[in-house]
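Undergrad:
In the working numbering, the protein residues as written are 9 to 452.
1. With a threshold of 16 other CB atoms inside 10 Å of the CB of residue 124, please say whether the residue is buried or exposed.
2. For residue 322, which beta-bridge partners are listed by DSSP?
3. Look at residue 398 and residue 198 and say whether their C-beta atoms are less than 8 Å apart.
4. Pull up the CB-CB distance for residue 149 and residue 353, whole angstroms please, since I reckon it's below 8 Å.
5. Under a three-way DSSP split, which group does residue 171 fall into?
6. Can residue 171 and residue 334 be called in contact, C-beta distance under 8 Å?
7. Buried or exposed, going by whether 16 or more other CB atoms sit within 10 Å of the CB of residue 190?
8. Is residue 174 near residue 332, with beta carbons less than 8 Å apart?
9. Over what stretch of residues does the alpha helix (DSSP H) that includes residue 345 continue unbroken?
10. Note down the Cα distance separating residue 12 from residue 200, rounded to an integer number of angstroms.
11. Tell me, please, whether the CB atom of residue 238 is closer than 8 Å to any CB atom in chain C?
12. I'd like the span of the alpha helix (DSSP H) that includes residue 279, first residue to last.
13. Alpha carbon to alpha carbon, how far is residue 236 from residue 270?
14. Can you have a look at residue 340 and say buried or exposed, based on whether 16 or more other CB atoms are within 10 angstroms of its CB?
15. What does DSSP give as the partner residues of residue 220 in its beta bridges?
16. Considering only C-alpha positions, which residue in the set 417, 130, 401, 379 is nearest to residue 27?
17. Could you check the C-alpha separation between residue 155 and residue 328 for me, to the nearest Å?
18. Using 8 Å for Cβ pairs, my map puts residue 215 next to residue 414. What's the rounded Cβ distance?
19. Excluding the 5 residues preceding and the 5 following residue 86 in the sequence, name in chain order all residues of the same chain whose CB lies nearer than 8 Å to its CB.
20. Just the Cα atoms here: how many angstroms apart are residue 337 and residue 442?
21. Can you give me the C-alpha to C-alpha distance between residue 503 and residue 46, rounded to a whole angstrom?
22. Would you report the Cα separation of residue 221 and residue 63, rounded to the nearest angstrom?
23. If I measure Cβ to Cβ from residue 419 and keep anything under 7 Å in the same chain, skipping five residues before and after, which residues do I get?
24. Check this for me: beta carbons of residue 257 and residue 192, under 8 Å apart or not?
25. Does the Cβ-Cβ distance between residue 69 and residue 58 come in under 8 Å?
26. Between 56, 119, 205, 182, which has its C-alpha nearest residue 259's C-alpha?
27. For residue 52, which three-state DSSP category applies?
28. For the beta strand (DSSP E) holding residue 21, just list the boundary residues, first then last.
29. Under the assumption that residue 435 contacts residue 248 (Cβ atoms under 8 Å), give the Cβ distance between them as a whole number of angstroms.
30. For a minimum of 3 consecutive residues, which ranges assigned as the beta strand (DSSP E) are wholly contained in the stretch 106 to 176?
31. Which runs of the alpha helix (DSSP H), 4 residues or longer, sit entirely within the stretch 212 to 256?
32. For residue 375, write down the residues that DSSP places opposite it in a beta bridge.
33. Considering only residues of the same chain and omitting the five flanking positions on each side of residue 344, which have a CB-CB separation below 6 Å?
34. Specify, as a first and last residue, the run of the beta strand (DSSP E) that residue 39 falls within.
35. Using the Cα positions of residue 311 and residue 251, report the straight-line distance between them to the nearest angstrom.
36. How long is the line joining the alpha carbons of residue 430 and residue 449, rounded to whole angstroms?
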């Protein structure tokens, strides 16, 4: 693309992190609103990797249909229904010197306003870029992740979550029919490195037999390490309780973040793989397919008890990320793209936003809101550097209680009910005393 005049103010857009339904809708809405304000729009390809590691970043001019299309222009007015990202994306974690150079490149290109789209890692990078710009570039970050773990108030979701949850629930419902038809179990792993929002939403929406998330009180909560034995016992006991009800089928939805509650050496031993880390210091969980780990672990215990149940492992992580957004997310991202541009151009009407130079922009009950990056930073325990904090599932809420009440899993009251205990013990080929001794440590 030809060099851009410094004198003309422009809006820049980049995308970071993994795909999520609705990214293209934000790009489209932001471009259309920028044009309404007379701002040309530059889209940077490949996120921070493109902006920070290339002397001449790969980019394109973004235009709406009514602006016409020429060479080096990308028309975006109707991309809102498409999955993926027309600007592509990357997980590059820019170094401080790269960010300083990126600020210089943006200024050379006339970019006075920047909209970033991404999850917690991209938000952290946006915060650092805003610091490096020292007020010369206004930055709006639009929170995106199917994990739903960015610190928005109340139960406001991150965009992409509702679509991923809907598709995931549909897939799990299909597996539940398969399980009932074939009289088998499925162990389904869903994404969620730290928080269990997606797994819980999928399990609750599908009516799964049991859902396990990192925040589960019977796993000690979000910050407690557990053993594979403990996790395996919860799943095993659920199978026995289901058998005692006369059912040989079921579906367990398991958050991938459960694996991060194990000690590193135990997880590496179970998977036969060494930990590899991405540029943000996170374990590459995509390289650890933990569904077979839980299947093999419980299979072994069932075989020891001579209980003949078939378990099939299934991972539904990646198929959810590039689904076309549903109606909720299409509406939501249009509001977010509009709000982001209104913020960076200083045209937003809300006092809490007007005083900020850079912020995370979100919608709350139809009203644009902003959160100062400084309010949502925390120290990453791995890297010891500031990063955007993660929103965990609040297990004290009625929402979680409802999800928990409708699961088939071992409860303390089951062990104190002689008739129920005897039925479960019979299903497990144990005596009631043996059953209680084996499983009393997994109930709260």
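Where is the CB? At the ideal position from N, CA and C, for every residue including glycine.
TA: Well, looking at it:
1. buried
2. 196
3. no
4. In fact, because the Cβ distance is near 15 Å, the residues do not count as touching under 8 Å.
5. helix
6. yes
7. exposed
8. no
9. 335 to 352
10. Low confidence applies to residue 12: its pLDDT is 48, below 50, so where it sits in the model is not reliable enough to give any reading.
11. This model lacks chain C altogether; it includes just one protein chain.
12. 272 to 279
13. 7 Å
14. buried
15. 262
16. 130
17. 11 Å
18. 7 Å
19. 36, 73
20. 50 Å
21. Because the chain is modelled from 9 through 452, residue 503 falls outside the range shown and cannot be assessed.
22. 43 Å
23. 451
24. yes
25. no
26. 182
27. strand
28. 18 to 23
29. 5 Å
30. 119 to 126, 146 to 151
31. 236 to 252
32. 372
33. 34, 150
34. First-last for residue 39: 31 to 44, but that is the alpha helix (DSSP H), not the beta strand (DSSP E).
35. 15 Å
36. 18 Å
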